[in-house]
Amino acid sequence: MDLLLYLVADPQHCGDRPFLQVVAAALSGGVGTVQLRDKHSSVRDLLAVGTEMRRISHSHSASFLINDRPDVALALEADGVHVGPEDLPPSEARRLLPKPLLMGVSAGSLREALFAQESGADYLGVGPVFPTQTKGDAGEPLGLELVSKIASSVSIPVVGIGGINLENAASAIAAGCAGVAVVSALMGAADPEETARSLRTRLQDARRGISRPAPSESP
Numbered sequence: 751m752d753l754l755l756y757l758v759a760d761p762q763h764c765g766d767r768p769f770l771q772v773v774a775a776a777l778s779g780g781v782g783t784v785q786l787r788d789k790h791s792s793v794r795d796l797l798a799v800g801t802e803m804r805r806i807s808h809s810h811s812a813s814f815l816i817n818d819r820p821d822v823a824l825a826l827e828a829d830g831v832h833v834g835p836e837d838l839p840p841s842e843a844r845r846l847l848p849k850p851l852l853m854g855v856s857a858g859s860l861r862e863a864l865f866a867q868e869s870g871a872d873y874l875g876v877g878p879v880f881p882t883q884t885k886g887d888a889g890e891p892l893g894l895e896l897v898s899k900i901a902s903s904v905s906i907p908v909v910g911i912g913g914i915n916l917e918n919a920a921s922a923i924a925a926g927c928a929g930v931a932v933v934s935a936l937m938g939a940a941d942p943e944e945t946a947r948s949l950r951t952r953l954q955d956a957r958r959g960i961s962r963p964a965p966s967e968s969p
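Counted the way the numbering used here counts, the sequence shown spans residues 751 to 969.
Here you go:
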């Protein structure tokens, strides 16, 4: 599973552009994992869109996950599911989707992270790392210090989420994250493919310990 650049694909954040076109462009730019997060569509529509998303994701050798719904993940033969604090408990999601199917769990504290790991999570989505407008109930930002503490306290990969963009993505890697998850940074980008490519390059550099000026900084 390639967690370095993780797209949470939400049709609410791509404006009037075709949703699947934006997802495909981001995958072409280097997204390694895609999660379909759609809280508003019917199950019938989720299945229709998810079928095409699975095809597109796998054509780019990317993992395809479903947010919240193990039943939909099974119906779509997705690679797994991601659950949050208001969703099905991780232990129940794990029971419904036994390994090798993947399960990601959202965590906003060290206690939640440890519980998720004990419940069988394959990776954690930890955040919000920075302030974010994408998810109204995300809560106060954790900050890099707490994210680093969580990453060093668990044995499964941590993906930083919340307010991630080109300017701060490298700092999440430096804090111990295996990757970053983005929503609006790609779904709302003017050029999702090029933005994904730039993000992935920045993340790869950070993983190798290479420091480069952020786009808004002077060279």
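Ideal Cβ positions, reconstructed from N, Cα and C, are used throughout, including at glycine.
The structure presented is a predicted model; accordingly, all values stated were derived computationally and were not measured.
In this structure, L851 keeps its C-beta atom at 9 Å or more from the C-beta atom of H810.
Excluding sequence positions up to five before and after L847, its CB lies within less than 8 Å of the CB of P820, A823, L824, G830, V831 and M853, all in the same chain and listed in chain order. The C-beta distance from A920 to L894 rounds to 11 Å, too long to fall under 8 Å, and the pair is not in contact. A residue is called buried when at least 16 other Cβ atoms come within 10 angstroms of its Cβ; P840 meets this threshold and is buried.
Just so you know, the alpha carbons of I914 and L864 end up roughly 23 Å apart. Counting only unbroken stretches of 4 or more residues, the alpha helix (DSSP H) elements lying wholly within the segment 817-853 are 820-826 and 840-846, in sequence order.
Here S813 carries a strand assignment [DSSP, helix/strand/coil]. In the three-state scheme derived from DSSP, where H, G and I count as helix and E and B as strand, G959 is classed as coil. Following the DSSP letters along the chain, one finds I900 inside the alpha helix (DSSP H) bounded by residues L894 to S903.
Nearest neighbour of L786 by Cα position, chosen from D766, I960 and F814, turns out to be F814. Contact fails between the segment 796-808 and the segment 857-875, because fewer than three Cβ pairs, one in each stretch, are under 8 Å apart.
The DSSP assignment places complete beta strand (DSSP E) segments of no fewer than 3 residues inside the segment 763-818 at 783-786 and 813-817, in order along the chain. Straight through space, the alpha carbons of S869 and V758 are spaced by roughly 22 Å.
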